[in-house]
Amino acid sequence: RRVSKKSPAPAMIENTTIGRVSAMCLYLAAERVDPESFWAPWIQTLPKKFFHALSYTEEDMEHFQASPFRELRARKVTSVHREYVETVVPLLDKLPKEEEGAKSIFNREAFSYEAFVWAYSVITTRAIFPGLLSEKERAEDSPLIIVGPYTDSLNHGPSSVTISFDSEQQRCLFSALLPIAKGDLVSVGIGQTSNLELLANRGLLLQSNRNNFVLMKFQLDMSGDMHATARQAMMGQLNLSNPQTYIVRNGEMPQGLLTSLRIQSLTPVEFGSFDKALSSPVTLENEWRAYRLLISSCNAILNMYPTTIEEDEELLGAGQLRRGQRSAVVLRRQEKLVYESVKAWAHDAWSSLLYASAASSQ
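First residue of the sequence shown: 11, per our numbering; consecutive thereafter.
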């Protein structure tokens, strides 16, 4: 209802399969160049510099060390550029033809790649995506994307509001989930989003985020292990894939990863009992080998980071890092803590197993 009357965005996206975020980028880019836009006062307050994945330089990326953020950023840069080239550029032919001697504000420059990235950055860092929130934090009829004045000033963290949508009035409603005193920050939830995803998409980090995870890839040594083919067949019977990347959260162990480690650690004598691996230790010795393999894998990954947790904490305490550098150090430290928590889980699980084994033998 508040789109600029002369905006070419509606005509550009008509009868296309363009995604919602890209479509909103075109709307926002058009409103940005229109001095008479209803949204001009808000647009003038928007930043020109952002701190999400697209904003980091190659020099900044060195501070992430072995973090998967590096790969995530590379994929995002490629994805956004491909979206512009393959989806947006063909739509530029729909722009109104400029009359001789009169330059339109809605020209190709207004929808350049730089303008598209700016609009994309505004939406990904400042919009609310109700679909990512928990059921408590949103009503079923909430829109897919919410962006605009006030909503982009909400804090992110444990939610203090729930979001609903009035389709007749075309407005979003925010209802308090708990008492909010004057001057208190109003927070919108983050759902199941980890700091890795928050930094990549929104340019922010939470000091404590229970959704943080690391990626651990399991893969049999098909060339160096003479029994690898047999192990892969066992995994297939247990509906496990090889290779497989697992999401591992703080102090947790995916059952699929643990089962795969047990299969990897089987000796030929234990092959006949491989089906036990899905729900319990195959043997005490096999379980120890699986835990030892898990711990050594975590240590190998930790060794890929040039600094230790303690050294990262010293850097953070010195207070001499730029914002992008600090975010990198905070993220890589949190990742190392997850790997250390996995090692601690293995130690605790082994101790518990020994205790249970000793108790049952008495």
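Even for Gly, the Cβ is constructed at its ideal location relative to N, Cα and C.
**Prompt:** Would DSSP call Tyr66 helix, strand or coil?
**Reply:** Correct three-state label for Tyr66: coil.
### Query
Helix, strand or coil: how does DSSP classify Ile115 here?
Judged by DSSP in its simplified three-state form, Ile115 adopts coil rather than helix or strand.
Determine, using beta carbons only, whether Pro253 and Phe284 come nearer to each other than 8 Å. In this structure, Phe284 does not lie closer than 8 Å to Pro253 by Cβ.
Paired residues, beta bridge with His166 - DSSP: Beta-bridge pairing links His166 to Val198.
For this session: Identify the continuous beta strand (DSSP E) that holds Thr255 and give its terminal residues.
Result: Counted as a single uninterrupted DSSP element, the beta strand (DSSP E) harbouring Thr255 occupies residues Gln254 to Arg259.
Check whether the Cβ atoms of Arg212 and Thr161 sit closer than 8 Å, and answer yes or no. No; because the gap between Cβ atoms is not below 8 Å, this pair is not in contact.
_What residue range does the beta strand (DSSP E) around Ile319 cover?_
Premise fails: Ile319 lies in the alpha helix (DSSP H), Ile319 to Ala328, not in any beta strand (DSSP E).
Give me the Cα-Cα distance between Asn205 and Thr255, rounded to the nearest whole angstrom.
-> Looking at the two C-alpha atoms, the distance is approximately 19 Å.
query: Under 8 Å, do Asn222 and Arg259 count as touching if we go by C-beta distance?
result: Their beta carbons are under 8 Å apart, which means Asn222 touches Arg259 by this criterion.
Sort Gln330, Gly29 and Ser362 by Cα distance to Glu96 and report the nearest one.
Each of Gln330, Gly29 and Ser362 was checked against the Cα of Glu96, and the nearest Cα belongs to Gly29.
Whose C-beta lies closer than 8 Å to the C-beta of Glu119 among residues of the same chain, with five residues either side of it excluded?
The answer, listed in chain order, is Ala125.
- Work out the CA separation of Trp52 and Leu373 for me, nearest whole Å. The chain is shown only over 11 to 372; residue 373 falls outside these bounds and no answer can be derived.
| On the three-state DSSP scale, how would you describe Ala149? | Collapsing the DSSP output to three states places Ala149 in coil.
field: Coarse secondary structure for Val292, derived from DSSP in three states
entry: Look at Val292 here: in three-state DSSP terms it is coil, with no helix or strand label.
- Task: Identify whether Asp231 lies in helix, strand or coil by the three-state DSSP scheme.
- Result: Residue state for Asp231 is assigned as coil, using DSSP reduced to three classes.
Beta-bridge pairing of Ser176 - partner residues as DSSP gives them: Note that residue 176 is Asp in the sequence shown, not Ser. The partner list for Asp176 (beta bridge, DSSP) reads Arg181.
**Where Pro106 falls, given that 16 or more other Cβ within 10 Å makes a residue buried** = Its Cβ having fewer than 16 others within 10 Å, Pro106 is exposed.
Cutting at 7 Å between CB atoms, please list the residues of its own chain near Leu215, excluding the five before and the five after it. If we look at Leu215 and ignore the five residues flanking it on each side, its Cβ neighbours are Asn205, Leu208, Leu209, Ser337, Val340 and Leu341.
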